[in-house]
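Visitor: One line per chain: the protein sequences are A and B, in this order.
Residues in the first sequence are numbered consecutively from 0, following numbering that gives the first Met the number 0.
Residues in the second sequence are numbered consecutively from 0, following numbering that gives the first Met the number 0.
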Amino acid sequence: MMDKSIRVENSTKNIHAELRHLADSISQIIKGIRVAQEPIADSRNKVPQATEQLERVTQQTAMATHRVLDMVEAITGRDGEIETQMKELRRVLPSTYFRNNSRVKRIVERIGVNVSANQNDAYAIMDALQFQDITSQQVDHAISLLEQVENRLKDVMVGLQLDVSAESDVKRKERAYDPNAHFSSNSNEQSEVDKLLHNLTKEKQNN
Amino acid sequence: MPTEQITEKSDTTAKGIPKILVVDDSPTLVKFVSYSLKSSGYEVVGACDGMDALEKVSHLESDIDLVITDLNMPNIDGYELIATLRQNDKFAEIPIIILSSEEGDEDKQKGEKVGATSYLVKPFKSSVLLAEVARLLD
Chain A
0 MMDKSIRVEN STKNIHAELR HLADSISQII KGIRVAQEPI ADSRNKVPQA
50 TEQLERVTQQ TAMATHRVLD MVEAITGRDG EIETQMKELR RVLPSTYFRN
100 NSRVKRIVER IGVNVSANQN DAYAIMDALQ FQDITSQQVD HAISLLEQVE
150 NRLKDVMVGL QLDVSAESDV KRKERAYDPN AHFSSNSNEQ SEVDKLLHNL
200 TKEKQNN
Chain B
0 MPTEQITEKS DTTAKGIPKI LVVDDSPTLV KFVSYSLKSS GYEVVGACDG
50 MDALEKVSHL ESDIDLVITD LNMPNIDGYE LIATLRQNDK FAEIPIIILS
100 SEEGDEDKQK GEKVGATSYL VKPFKSSVLL AEVARLLD
């Protein structure tokens, strides 16, 4: 009888100790959640700032690219004018003029070569400016990933019953991008496309 | 950002100049392609997505001779645009070039299935685009 009473008393002590331990653990978890609340909320609030910053990068590179495009357009326009003026010069001068003035002829020919080289370079600059479109797609992809992180953090906050009142007031842009867009020399890729389309056309004709 | 309509005419008379519709949600690409085409004597109409393109072609007085379109665009994407255009008798036969950074065979086959005539991968050389346009309009 006595033994049984001692055993019950010991069990009760053990249960009390376990409950105290459990209470301590819960208290530690709550402290932990409180500690985590601020960084989680802070991280979530920083995502819209990061996306805004990235959008500004895209806007600024777009503006700069358009400016360069406008300038290249102006330069090639002037090159076109030079070509027209050279033609006019050839027209107004007597047909024998260049035959008798070989030095002037060489200078005029050299101007023509330079104008043509400028135009080719202008096209090369414009081709290279496509980087802006490709990088803006990459930035849009990065923004989309950040928005996913923001939503996950929101889910965590809701799950932990933390304050999620601070909603982002940034108006989200509808994004359409190729996540794999990259800027590289693609002559091989284009030849593969040509081959594919050629084969498809052939198949169609055979059918 | 809505793309401004780019309707530029070359020095020659508008009659007989091929009119090309350029559709891309990147204003840089529309500007770049438009400039390349304009400098080769084509008339260009720019649109920022499929919906904008359909709206613009419905308001144009003269016909479009060729369409150059991106694939990834908001509202109406390139595939839907091509499929919609192909359903209209006016656009059933005109050449349509896809300009896209998507390189997968699936995209190319899908483009061909909906009615694209040609497919160019971004980034591309303007000389390649101009040669393709000239070939298709020939």
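All C-beta atoms, glycine included, are put in the ideal place defined by N, C-alpha and C.
Looking at the C-beta of Glu101/B, does it have a partner C-beta in chain A at a distance below 7 Å?
Guide: Among the residues facing chain A, Glu101/B is included, as its CB has a counterpart in that chain under 7 Å away.
Visitor: Would you kindly work out how many angstroms separate the C-alpha atoms of Thr134/A and Val157/A, rounded to a whole number?
Guide: 35 Å
Visitor: Residues in the segment 100-125 of chain A with C-beta within 8 Å of chain B's C-beta atoms, listed in sequence order?
Guide: So the list reads Tyr122, Met125, given in the order they occur along the chain.
Visitor: For Leu128/B, does the count of other Cβ atoms within 10 angstroms reach 16, so buried, or fall short, so exposed?
Guide: buried
Visitor: Quick one: using the 10 Å Cβ neighbour count with 16 as the cut-off for buried, is Arg43/A buried or exposed?
Guide: buried
Visitor: So if DSSP puts Val44/B in a beta bridge, which residue, or which two residues, is it bridged to?
Guide: Leu20/B
Visitor: Would you report the Cα separation of Gln129/A and Leu98/B, rounded to the nearest angstrom?
Guide: 12 Å
Visitor: Measuring CB to CB, does Val113/B end up less than 7 Å from Ala82/B?
Guide: yes
Visitor: Can you name the residues of chain B whose CB is closer than 9 Å to the CB of His20/A?
Guide: Neighbours of His20/A on chain B: none; closest Cβ ~57 Å, over 9 Å.
Visitor: Give me the residue from Lys89/B, Leu135/B, Val120/B, Pro17/B with the minimum Cα distance to Ser57/B.
Guide: The shortest C-alpha to C-alpha distance from Ser57/B to any of Lys89/B, Leu135/B, Val120/B, Pro17/B is the one to Lys89/B.
Visitor: List the endpoints of the continuous beta strand (DSSP E) containing Ile96/B.
Guide: 95-99
Visitor: Please check if any C-beta of chain B sits within less than 7 Å of the C-beta of Asp78/A.
Guide: no
Visitor: Using 7 Å as the threshold, is the C-beta distance between Asp177/A and Gln118/A below it?
Guide: no
Visitor: Could you check what DSSP says for Thr68/B in three-state terms: helix, strand or coil?
Guide: strand
Visitor: Nearest CA to the CA of Ser86/B: which residue from Asp23/B, Asn71/B, Leu53/B, Thr27/B?
Guide: What sits at residue 86/B in the sequence shown is Gln, not Ser. When only C-alpha atoms are compared, the closest one is Leu53/B.
Visitor: So, are the CB atoms of Pro73/B and Asp48/B less than 7 Å apart?
Guide: In this structure, Pro73/B sits near Asp48/B, with a CB-CB distance shorter than 7 Å.
Visitor: So is Val22/B buried or exposed if we call it buried at 16+ other beta carbons inside 10 Å?
Guide: buried
Visitor: Which residues in the same chain as Ala46/B place their Cβ atom closer than 6 Å to its Cβ, once the five residues preceding and following it in sequence are excluded?
Guide: Val22, Ala52, Lys55
Visitor: State the DSSP-derived secondary structure class of Tyr118/B, mapped to helix, strand or coil.
Guide: strand
Visitor: In angstroms, rounded to a whole number, what distance separates the CA positions of Leu144/A and Arg19/A?
Guide: 44 Å
Visitor: Here's a check: name, in chain order, each residue in its chain whose Cβ is nearer than 7 Å to the Cβ of Val114/A, leaving out the five neighbours to either side.
Guide: Asp78, Ile81, Glu82
Visitor: For a cutoff of 7 Å on Cβ pairs, would you count Leu68/A as touching chain B?
Guide: yes
Visitor: Are Asp77/B and Leu84/B close, meaning C-beta to C-beta below 7 Å?
Guide: Note that residue 77/B corresponds to Gly in the displayed sequence, not to Asp. No, Cβ-Cβ distance for Gly77/B and Leu84/B is not below 7 Å.
Visitor: Residues of the segment 4-32 of chain A in Cβ contact with chain B at a cutoff of 7 Å, in chain order, please.
Guide: none
Visitor: Going by C-alpha to C-alpha distance, which of Ile75/B, Lys107/B, Val44/B sits closest to Glu60/B?
Guide: Val44/B
Visitor: For Ala135/B, collect the residues of the same chain with a Cβ closer than 8 Å to its Cβ; drop the 5 residues on either side in sequence, then sort them by chain order.
Guide: For the record, residue 135/B in the displayed sequence is Leu; it is not Ala. Counting only Cβ-Cβ distances below 8 Å, and skipping sequence neighbours, we find Leu65, Pro94, Ile96, Thr116, Ser117.
Visitor: In terms of alpha-carbon separation, which member of Val112/A, Lys86/A, Arg66/A lies closest to Ile124/A?
Guide: Arg66/A
Visitor: Output needed for Glu131/B: all residues of its chain with C-beta closer than 7 Å, excluding positions within five of it in sequence on either side, in chain order.
Guide: Ile96, Ser117, Leu119
Visitor: Would you mind working out which of Thr11/A, Leu159/A, Ile142/A, Val112/A sits nearest Glu37/A, comparing C-alpha positions?
Guide: Here the closest residue by C-alpha is Leu159/A.
Visitor: Who are the Cβ neighbours of Ala49/A in its own chain at under 7 Å, not counting the five residues just before and after it?
Guide: Leu145
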